[in-house]
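The structure appears right after this line, and notes come after that.
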């Protein structure tokens with residue numbers, strides 16, 4: 004039976020205290036996304052057979068995921084996240100689920116204000132598994148991810164033909 008093993012705040016996740024291996028993995032991922040350190044694929048966050056279910060009902064698989072993320076976040080001038088809560092659940096099959104509740108702050112390109120252009124609540128549900136693959140963070144990788152955030156709120160700030168609004172896989176156009 005799955006077991007909740009921890010619930011932490013973003014302050015704990017990015018603070019000085021000890022973290023579980025899954026929390027450390029998520030911290031490294033969140034830091035890479037927030038700093039837009041997306042060109043460095045040295046860390047393989049996603050397994051080759053991973054599936055990412057985005058907010059528009061589109062699935063990206065394996066090697067499509069990181070290039071999609073690069074295109075997605077490349078549309079914004081800057082992003083940051085306030086992680087509100089991260090729940091860790093250990094499953095019977097050895098996988099770990101993380102459920103993250105956060106607020107994504109987005110600055111559109113050209114907006115150099117301290118305050119973000121828009122802030123949108125989001126939830127991310129991740130299944131993480133251990134792997135022997137080289138270049139992973141702590142021997143872990145995402146196997147499956149579901150992302151929920153209201154991208155409709157971005158329409159007043161961005162062109163509707165951008166990747167963030169796409170209802171099709173941008174690599175296969177399916």
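Numbering (my numbering), first residue to last: 4 to 177. Glycine is no exception: its CB is placed at the ideal position from the N, C-alpha and C atoms.
Compare the beta carbon distance of residue i and residue j with 8 Å and say whether it is the shorter of the two.
i: residue 109; j: residue 124; result: no
i: residue 105; j: residue 86; result: yes
i: residue 6; j: residue 93; result: yes
i: residue 50; j: residue 134; result: yes
i: residue 10; j: residue 66; result: no
I'd like to confirm the pairing. Which residues does DSSP put opposite residue i in its beta bridges?
i: residue 151; result: 126
i: residue 64; result: 54
i: residue 49; result: 145
Please report the distance separating the alpha-carbon of residue i from that of residue j.
i: residue 117; j: residue 36; result: 19 Å
i: residue 62; j: residue 22; result: 30 Å
i: residue 160; j: residue 153; result: 13 Å
i: residue 113; j: residue 79; result: 9 Å
i: residue 145; j: residue 88; result: 19 Å
i: residue 34; j: residue 15; result: 14 Å
i: residue 136; j: residue 47; result: 8 Å
i: residue 69; j: residue 13; result: 24 Å
Among the candidates the options, whose CA atom is the shortest distance from the CA of residue i?
i: residue 141; options: 149, 147, 148, 132; result: 132
i: residue 98; options: 75, 128, 174; result: 128
So within the region 91-124, which uninterrupted beta strand (DSSP E) runs reach at least 3 residues, ignoring any that extend past its ends?
You should have 99-111.
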